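Number of protein chains: 2
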Amino acid sequence: MTDAIHPELESLFAIQGAEDQPDMDGVVEAILYLYTESRRITKGLAGRYGLTGPQLAVIKMLEPKGQLSLSELSWRIRAKNSTVTGIVDRMEREGLVHRRRSKQDRRVVHISLTEKGAQLAAEITVEPVQIFRTVLGELSTRDTRDLKRVLTRLAQRVRELVEEGALPSDGAAGDEDG
Amino acid sequence: MTDAIHPELESLFAIQGAEDQPDMDGVVEAILYLYTESRRITKGLAGRYGLTGPQLAVIKMLEPKGQLSLSELSWRIRAKNSTVTGIVDRMEREGLVHRRRSKQDRRVVHISLTEKGAQLAAEITVEPVQIFRTVLGELSTRDTRDLKRVLTRLAQRVRELVEEGALPSDGAAGDEDG
DNA sequence: GGAGATTACTTCGCACACGAAACATCTCTC
DNA sequence: GAGAGATGTTTCGTGTGCGAAGTAATCTCC
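Just so you know, the protein sequences line up as chains A and B, in that order.
Last residue of the first sequence: 178 in the working numbering, with the numbers rising by one and none dropped.
Last residue of the second sequence: 356 in the working numbering, with the numbers rising by one and none dropped.
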């Protein structure tokens with residue numbers, strides 16, 4: 001099964017500690033935990049039906065829409081086309097989805113569920129998100145709002161800094177060897 | 179280069195929307211954004227030195243310690259041994275690290291930086307975490323504390339629920355609502 | 001209306017990432 | 001001290017995940 005904890009994130013924050021701002025560790029650790037735990041839950045749920053995480057995502061994405069182009073699918077699951085091509089390949093091989101060339105624009109490929117895929121989708125009713133909704137529901141309204149406010153602000157600032165180029169997001173330099 | 183946005187998470191939360199708790203979307207989106215952005219930054223930084231994210235993690239992990247067993251390394255970067263074996267293989271091939279069998283326990287393999295690896299480690303002084311520290315620093319103390327408090331509570335509750343088996347993490351079905 | 005740019009998708013090569021199983025070594029028990 | 005079990009690492013198979021380059025179709029601009 002495919003899983004991934006993505007060590008970089010951990011390491012990213014673990015490097016050389018941040019003793020001068022102890023609060024940050026808690027924040028980062030919590031974010032990391034929530035992220036990885038949600039992945040584990042998704043994986044476990046998908047695995048019961050012989051699916052992988054991304055495959056479950058695709059199926060549940062297609063279920064209400066009927067069909068989506070590969071690009072739409074990519075956008076929705078936040079992956080690149082080349083990644084989704086592979087996922088769809090394997091799902092097609094398993095008989096879960098169909099590929100159909102669009103007649104309007106023959107570059108476009110429409111992905112849709114097969115009978116088998118649709119049945120499977122209908123069978124999977126549990127939403128992993130339920131857990132998080134439950135837990136968030138247990139927080140006071142004020143807490144939830146605070147959380148959203150602060151997190152959103154945080155994300156916004158990072159986004160601004162990234163766009164300003166103040167961050168080492170990418171750039172030129174030096175040696176390359178593969 | 180290795181990268182991964184991990185579509186499952188997005189999809190996990192995107193499935194069927196959560197209109198009844200609009201606040202959640204913002205929270206989830208912010209967490210997702212912070213996670214993916216941090217990964218992008220790490221990747222960009224590592225890429226400048228011809229490294230991948232996990233490789234940078236390993237190098238910076240080894241730098242202060244001198245050497246670590248493969249298992250210790252795995253534990254620290256939150257990955258499995260079989261994953262780290264591959265990472266170390268590639269780094270060894272690039273001449274960045276050494277493998278050495280322990281004399282105390284000949285099952286154990288110690289990983290240490292080569293000259294080249296150590297030089298590279300010394301060269302990489304920028305901490306990606308800096309950005310987040312900066313941004314968190316811009317928040318008021320109150321905001322930071324609130325954030326930590328709420329996030330920690332959130333993570334704690336999810337952890338509890340997971341341990342209670344109330345979640346579809348794996349194994350038998352717990353709750354049904356569909 | 002045709003050359004060049006753009007868009008949609010696929011292919012290829014590489015690097016994770018995991019679990020299961022194989023191996024080697026150590027430890028524990030009798 | 002020999003067998004049973006535990007532990008550390010590697011090997012294998014599968015599935016993401018990305019970027020670069022390739023192909024085909026559409027669009028744009030002159």
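C-beta atoms are modelled at their ideal positions from N, C-alpha and C, and glycine is treated no differently.
As the structure is a computational prediction, the values presented were derived from the model and not from experiment.
{"Asked": "Beta carbon proximity, A:T85 to chain B, threshold 8 Å", "Found": "no"}
{"Asked": "Opposing strand residues paired with A:I111 [DSSP bridges]", "Found": "A:L68 and A:R99"}
{"Asked": "A:E138 at chain B interface by Cβ criterion, 8 Å", "Found": "yes"}
{"Asked": "Per-residue burial, A:K80 [other beta carbons within 10 Å of its own, 16 or more giving buried]", "Found": "exposed"}
{"Asked": "Which of helix, strand or coil DSSP assigns to A:S140", "Found": "coil"}
{"Asked": "Buried/exposed call for A:P22, threshold 16 Cβ in 10 Å", "Found": "Bear in mind that a pLDDT of 48 at A:P22, under 50, signals an unreliable position, so the model cannot answer this."}
{"Asked": "A:Y35 classed as buried or exposed, judged by whether at least 16 other C-beta atoms fall within 10 angstroms", "Found": "buried"}
{"Asked": "Spatial neighbours of A:A122 in its chain, beta-carbon cut-off 7 Å, leaving aside the 5 residues before and after", "Found": "none"}
{"Asked": "A:S74 and A:V58 closer than 8 Å at C-beta", "Found": "no"}
{"Asked": "Contact under 8 Å by Cβ, A:A30 with B:T330", "Found": "yes"}
{"Asked": "Simplified DSSP assignment, three categories, for A:T85", "Found": "helix"}
{"Asked": "From B:G244, B:V328 and B:R323, residue whose alpha carbon lies closest to that of A:L139", "Found": "B:V328"}
{"Asked": "Backbone secondary structure at B:Q199 - three-state DSSP", "Found": "Bear in mind that a pLDDT of 45 at B:Q199, under 50, signals an unreliable position, so the number given afterwards is only what the model happens to contain. DSSP places B:Q199 in coil when its eight states are reduced to three."}
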